[in-house]
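Single-structure report; data block below.
Chains as they are written, first to last, in our numbering: chain R, 359 to 590; chain D, 181 to 541.
Structure, rendered in structure tokens:
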């Protein structure tokens, strides 16, 4: 691979993977919680929460990036507090992960919510009558049964994170070795004379990674579905 | 001892049920929509009553006045649902052990091996629920509920989804549970024969209210005849007589006569209850001769109730008990039968077999 890609390109690929993996893993618990809450709980403001969660899907990514900059920039509301703790997100690769996580969150929650909703609530009731409290019921029954949807949601979020451009470049710019991802690197290369071969190589890598992720999730889901066949 | 007194309203339907009982198997009997399953849900803690109290063995599970509600997972009440609701992501063995993990160690009184042996599911342990037949699934569900070592076992029409042969396979198991594991059971059913066979006490529900309760032999005939869906049926308490091994028949004795049934019916001189459908009874004004029917009970005509071209005839049997027969109104008029007249009830043996017979326990 290193022969195929220049060191700079290789850096962008590794950084993209690092950002996408961090974004996916860090948003996973929140995504599962939000999906379960939307699928099972009734609480005031539920519709509003659902709408807010889908917001990143419908507003321009640049706007999301700009809002992140306002909130998490060095002089931002949260940025200042985090800076005191020694955590810097703006113009930092972790900031790119945050931007990617937020952009992928609606996709993640949607897939997971659907699979939680598909679980027969009477299975959870049965677990209750057998003595499992709600938390154990969640981990022993709901979560395993929702696994295909959780895998699907995580894959979507991962793929979205790999391709994230607008919010990322607005929030953390396009600094080689720090915040330059495959997407922003391709953007840079096509602006430069003679950059086309590099842009094309990165494009192929991006397609390969995305394809691998989708195939892997397909296999995991198929295996899960086979096990749950005739689940009623 | 279970003591229930609850009210709940859902939409147009209002449930208002009170009963208490300590006998082995209590049956909740009634047509669908009578509130049976809702009552089970309230006992199990799957729903909250608007008002009322549920006490099990002195432990208050619900008391709306005291704002007390013990959640389902702390009640230690096992439920066998209509559809087994086995966990599809777990194997049979893990399903069986699911409730056991949560039972306090000192309360795990039932041994895994004994339950598996009784239910005959040893060969299924390594399978997935999706690979089981309906009857097998239901047996595993019973095992799963049992192994949580519950203080009370609720059956919510466990056979509704099963065909008759599968029911016949599982009904004796429930009798075994009752006799062997000594767990009190509340059993929901709309099938007369199941209730007669299993229950020592029956509570009849209709439209959210208790309309009768007592010994099945006393309560069921009137409950059944009020509901045309049952087509009228009678419950007779009889004594097991001789067995005719050559023909595979068993004699059941009653002061008013003898019934032969196909198949075994229990030990000789044991007391059994038997359900006789009104449509399986033929009437005769004189002692019958030269017929293939060999089961004849004698009695007096008590009442004739017309229902269109048909009539339901109540017969007060010699000795004790009542029997309902269904006949056309014309046949009754042509026989010249009037209340008080002696009458002979012919019961077709082929219509009766062991599934209609239950211990009078």
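We put the beta carbon where it would ideally sit given N, CA and C, even for glycine.
Cβ contact annotation for residue 296 of chain D (same chain, cutoff 6 Å, sequence separation greater than five): 302, in chain order. CA-CA distance, residue 242 of chain D to residue 197 of chain D, rounds to 14 Å. Scanning the region 348-413 of chain D for uninterrupted alpha helix (DSSP H) segments of 4 residues or longer gives 372-378 and 396-406, listed from N- to C-terminal end.
Per DSSP, residue 499 of chain R has no beta-bridge partner at all.
Of the residues R:521, R:537, R:486 and R:531, the one whose Cα lies closest to the Cα of residue 252 of chain D is R:486.
Of all alpha-carbon atoms in R:395, R:581 and R:579, the one lying nearest the alpha-carbon of residue 471 of chain R is that of R:395. Taking 9 Å as the cut-off between beta carbons, the residues of the region 464-496 of chain R near chain D are 478, 480, 481, 483, 484, 485, 486, 487, 488, 489, 490, 491, 492, 494 and 495, in sequence order. With contacts defined as CB atoms closer than 9 Å, residue 259 of chain D and residue 325 of chain D qualify as a contacting pair.
Judged by their CB atoms, residue 411 of chain R and residue 463 of chain R are nearer to each other than the 9 Å cut-off. Measuring C-alpha to C-alpha distances from residue 468 of chain D to each of D:208, D:367, D:414 and D:524 identifies D:524 as the nearest. Per DSSP, residue 538 of chain R has no beta-bridge partner at all. Within the region 410-444 of chain R, the complete alpha helix (DSSP H) runs of at least 4 residues fall at 419-430 and 435-442. Of all residues in the region 502-514 of chain R, only 502 and 503 come within less than 7 Å of chain D when Cβ atoms are compared, listed by chain position. In this model, residue 477 of chain R and residue 273 of chain D are separated by some 22 Å (Cα to Cα).
The straight-line gap separating the alpha-carbon atoms of residue 538 of chain R and residue 384 of chain R is approximately 20 Å.
In the DSSP annotation of this structure, the continuous segment of the beta strand (DSSP E) that includes residue 190 of chain D starts and ends at 182-190. The beta-bridge partner set that DSSP reports for residue 440 of chain D consists of D:431.
Shown here, residue 246 of chain D sits in coil according to DSSP, grouped into three states, outside any helix or strand.
The contact set of residue 499 of chain R on chain D, defined by CB atoms closer than 7 Å, consists of 267 in chain order. With a threshold of 16 other beta carbon atoms within 10 Å, residue 364 of chain D meets it and is buried. In the displayed model, residue 196 of chain D falls within a strand according to three-state DSSP. By the Cβ criterion, the region 363-372 of chain R is in contact with the region 556-564 of chain R, since at least three pairs of Cβ atoms, one from each stretch, lie closer than 8 Å. With at least 16 other beta carbons inside 10 angstroms of its own, residue 542 of chain R counts as buried. Residue pairing from DSSP places residue 496 of chain D in a beta bridge opposite D:480 and D:502. Listed along the chain, the chain R residues whose CB falls inside 7 Å of the CB of residue 279 of chain D are 488 and 489.
When 7 Å is used as the limit between beta carbons, residue 282 of chain D is near these residues of chain R: 488, 489 and 490, in chain order. As the crow flies, the alpha-carbon of residue 415 of chain R is around 10 Å from that of residue 422 of chain R. Under the three-state reduction of DSSP, residue 464 of chain D is assigned to strand. Contacts between residue 258 of chain D and chain R, judged by CB atoms closer than 8 Å, involve 487 and 488 in chain order. In this chain, the beta strand (DSSP E) harbouring residue 231 of chain D covers 231-236. For residue 328 of chain D, the C-beta contacts it makes with chain R under 7 Å involve 488 and 489, in order along the chain. Close partners of residue 371 of chain D in chain R (Cβ separation under 7 Å) are lacking, with about 22 Å as the shortest Cβ gap. The three-state reading of DSSP puts residue 256 of chain D in coil, since its state is none of H, G, I, E or B.
Between residue 261 of chain D and chain R, the shortest Cβ-Cβ separation is below 9 Å. In this chain, the beta strand (DSSP E) harbouring residue 454 of chain D covers 451-457.
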